[in-house]
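Numbering-wise, the working numbering comes out as the position in the sequence shown, counting from 1, plus 65.
Backbone N, C-alpha and C fix where the C-beta goes; we use that ideal spot for every residue, glycine too.
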Amino acid sequence: MQKVKVRDKKKLTESVRDYAQSLGADIFGVADPFNRLLQAAPEGHRPQDYLKGAKSVVVLGMVVIKHVLNTTPSTIYSKHYDTINECLNAAAYGVAKFLKRSGYESIHFPETDNYKVLWRQYEAGYQKFVPSFNHMAAAEAAGLGKKGICGVLLTPEYGPRVRWISIVTEAPLVKGNAFSGEICLEKIQSNTCQKCVRSCPIGAISVEGGTDVRRCWVYWNQLRDMGSACGVCIRNCPVGEKTWLSPIQSK
Ligand code: SF4
Ligand code: SF4
């Protein structure tokens, strides 16, 4: 198939967005692969390390249903978490094929790395895990949100109740602009929220240090072994407490 010319990149971007929506994406964005947030990844994990001719990073978000999250810690939320991840993986695979059929090499990544890999990092003493690809950094670079005190990306529409996935592609797409300002209430003004800090059952979040991902990881896995899951911090975040979905969000 003939490549779409660069001057048609708006049209191409819209067609990718529409296709992503048809696969269940609630939020769509495009980041510059050379954005500093993506270039901050260790060598081997940057967009150009995976795809030499990378020109765009497509980011898809799927919304966590609030009333399901409200039950957490619960097996209902644990299953919902897995369902969203499966949907994200399928959507990223579909979008990567769509781009490939349009003439552009692309690579997609799992929504979460295999837990065995993350355990190895934990046992090796990593203070922050190194994912194959940092989806939250890509979403922030695409201008879809900003990190809160809890360490999770907050979107203006849904707060932290979104899961993400990314596709690196050679397609020249229209990029989003970085989000200006803060979204987290505590970052906007001190001592106005801290709900994530107060609600974490193991005290793994602090205003100064953010989330202790090692402690969170151990507790999270204990619950998962029992068929449950945590997510109490994102349940209690007051940002974006909408209970219904808006039309697809894109930048
Ligand atoms: S997921 Fe649970 S344990 Fe981890 S930081 Fe959030 S509330 Fe704490
Ligand atoms: S609960 Fe409050 S302090 Fe925590 S991330 Fe949300 S807005 Fe920020």
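Proximity to residue i [Cα-Cα], best of the options
{"i": "residue 96", "options": "181, 187, 201 and 298", "result": "201"}
{"i": "residue 87", "options": "241, 138, 125 and 242", "result": "125"}
{"i": "residue 273", "options": "264, 251 and 279", "result": "251"}
{"i": "residue 151", "options": "259, 77, 178 and 170", "result": "178"}
{"i": "residue 175", "options": "185, 130 and 199", "result": "199"}
{"i": "residue 233", "options": "99, 289, 147 and 258", "result": "99"}
{"i": "residue 109", "options": "264, 74, 257 and 197", "result": "197"}
{"i": "residue 243", "options": "293, 101 and 76", "result": "101"}
{"i": "residue 168", "options": "83, 103 and 77", "result": "77"}
{"i": "residue 225", "options": "116, 112, 163 and 130", "result": "130"}
{"i": "residue 156", "options": "91, 249, 237 and 258", "result": "91"}
{"i": "residue 163", "options": "136, 115, 83 and 203", "result": "83"}
{"i": "residue 116", "options": "165, 241, 220 and 245", "result": "165"}
Cβ neighbour criterion (16 or more within 10 Å) applied to residue i
{"i": "residue 299", "result": "buried"}
{"i": "residue 208", "result": "buried"}
{"i": "residue 291", "result": "exposed"}
{"i": "residue 120", "result": "buried"}
{"i": "residue 214", "result": "buried"}
{"i": "residue 189", "result": "exposed"}
{"i": "residue 184", "result": "exposed"}
{"i": "residue 73", "result": "exposed"}
{"i": "residue 147", "result": "exposed"}
{"i": "residue 249", "result": "buried"}
{"i": "residue 257", "result": "exposed"}
{"i": "residue 245", "result": "exposed"}
For residue i: DSSP bridge partner residues
{"i": "residue 276", "result": "270"}
{"i": "residue 234", "result": "121 and 171"}
{"i": "residue 246", "result": "Answer is none; residue 246 lacks a bridge partner."}
{"i": "residue 228", "result": "127"}
{"i": "residue 212", "result": "218"}
Contact belief for residue i with residue j at Cβ below 8 Å, rounded distance in angstroms
{"i": "residue 211", "j": "residue 247", "result": "6 Å"}
{"i": "residue 161", "j": "residue 172", "result": "7 Å"}
{"i": "residue 142", "j": "residue 133", "result": "6 Å"}
{"i": "residue 222", "j": "residue 305", "result": "5 Å"}
{"i": "residue 297", "j": "residue 138", "result": "7 Å"}
{"i": "residue 187", "j": "residue 279", "result": "6 Å"}
{"i": "residue 118", "j": "residue 170", "result": "7 Å"}
{"i": "residue 275", "j": "residue 216", "result": "5 Å"}
Sub-8 Å separation of residue i and residue j beta-carbons
{"i": "residue 218", "j": "residue 205", "result": "yes"}
{"i": "residue 195", "j": "residue 107", "result": "yes"}
{"i": "residue 81", "j": "residue 231", "result": "no"}
{"i": "residue 261", "j": "residue 295", "result": "no"}
{"i": "residue 85", "j": "residue 93", "result": "yes"}
{"i": "residue 228", "j": "residue 288", "result": "no"}
{"i": "residue 239", "j": "residue 75", "result": "yes"}
{"i": "residue 255", "j": "residue 140", "result": "no"}
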